[in-house]
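Enquirer:
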Amino acid sequence: MKQAEYLNQLSDLVVEMEDEAIVELVDEYVAAGYDIKEGMTGLIDGMNRCSELYEQDEYFIPELILCSDAMYAGINQFKSYMEVESQESLATVVLGVPEGDTHDIGKSLVKLMLETAGFRVIDLGRDVPCQAFIDTAIEHQAQIIGLSTLMSTTMKETKKVVDQLKAEGLHPGIKVIIGGAPITQKFATEIGADGYSENATEVVGLVKQILGLKEAEVIA
């Protein structure tokens with residue numbers, strides 16, 4: 001079976017809430033020799049479709065929970081095949097969903113990608129106040145704050161974090177990356193963010209580029 005067919009089936013199984021079947025399909029996908037990180041895009045697509053069904057009142061909260069369970073079953077199975085690239089942390093990233101937004105699927109995928117690549121991730125979860133990002137970054141000597149939002153109404157919260165870092169004299173020492181469905185590169189540039197990623201699979205490369213990291217380089 002071609003890779004695109006696997007990705008389509010993974011997407012379908014998330015929509016159909018088939019967590020056991022997803023695990024089996026992930027095993028088949030990996031055995032076929034396809035890229036693991038690319039495989040996760042099929043799961044992401046499926047969850048995006050579920051969100052659309054929810055917005056159209058075809059799916060409700062119980063269905064979303066089951067779809068999410070199926071997606072995470074796939075992610076965990078993929079994760080079992082992934083090896084951490086570095087024994088020491090490349091850098092520390094504070095990650096979370098800004099205040100007012102409770103959608104954390106994208107953020108969770110970003111966390112997985114960063115941890116697998118060897119970064120230390122402090123996950124603040126969802127609905128996180130601006131100052132909590134900054135205080136946590138200071139406490140853990142983080143180099144980057146990552147913000148993920150799926151709601152246009154909470155885009156302004158990402159700007160608050162950038163503005164507050166500057167007001168406290170912490171930027172560009174602590175850098176900010178943002179992403180999520182309503183976010184664009186143009187918006188990231190306008191608010192003074194240091195980087196923007198369209199999807200979770202591109203985040204590792206973005207973070208390494210921002211920090212000027214080589215593969216084996218570690219930031220204390």
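Just so we're aligned, residue 1 is where the sequence shown starts under the UniProt record's numbering, counting upward by one. We treat Cβ as the ideally placed atom computed from N, Cα and C, and that holds for glycine.
#1: If we ignore side chains and look at the alpha-carbon of each, how far apart do Ser86 and Glu190 end up?
#2: Would DSSP call Val26 helix, strand or coil?
#3: To which residues of the same chain is Ser68 closer than 6 Å at the C-beta, ignoring the five residues directly before and after it?
#4: Rounded to a whole number of angstroms, what is the C-alpha to C-alpha distance between Glu28 and Met82?
#5: Kindly examine the ligand ZN and report whether one of its heavy atoms sits closer than 7 Å to the Cβ of Ile22.
#6: For Glu38, count the other beta carbons within 10 Å of its own beta carbon; 16 or more makes it buried, fewer makes it exposed. Which is it?
#7: Given a cut-off of 8 Å, decide if Leu109 and Val207 are closer than it, judged by their beta-carbon atoms.
#8: Quick one: what's got a C-beta closer than 6 Å to Ala73's C-beta in the same chain, skipping five residues either side?
#9: Would you kindly report the start and end of the unbroken alpha helix (DSSP H) that includes Asp12?
#10: Using only the alpha-carbon positions, how far apart do Lys79 and Thr41 sit?
#11: What are the start and end residues of the alpha helix (DSSP H) that includes Leu43?
#12: For Asn199 and Arg49, what's the separation of their Cα atoms in angstroms?
#13: Once you ignore the five residues that flank Leu170 on each side, which residues in its own chain have a CB closer than 8 Å to its CB?
#14: Determine which residues share a DSSP beta bridge with Thr92 and list them.
#15: How close, in whole Å, do the beta carbons of residue 233 and Thr102 come, if the pair is a contact with beta carbons under 8 Å?
Expert: Quick answer:
#1: Its pLDDT being 49, under 50, Ser86 is placed unreliably in this model, and the value from its coordinates should be taken loosely. Their Cα atoms are separated by approximately 34 Å.
#2: helix
#3: Here the set comprises nothing.
#4: 15 Å
#5: Absence of the ligand ZN from the depicted structure is noted, as is the absence of any ligand whatsoever, leaving it without description.
#6: exposed
#7: no
#8: Asp19, Ile22 and Val23
#9: Gln3 to Val15
#10: 13 Å
#11: Looking at the DSSP string, the run of the alpha helix (DSSP H) that includes Leu43 is Ile36 to Glu55.
#12: 15 Å
#13: Ile134, Ala137 and Ile138
#14: As a beta-bridge residue in DSSP terms, Thr92 pairs with Arg120.
#15: In this structure the chain extends from 1 to 220, so residue 233 is not present and cannot be described.
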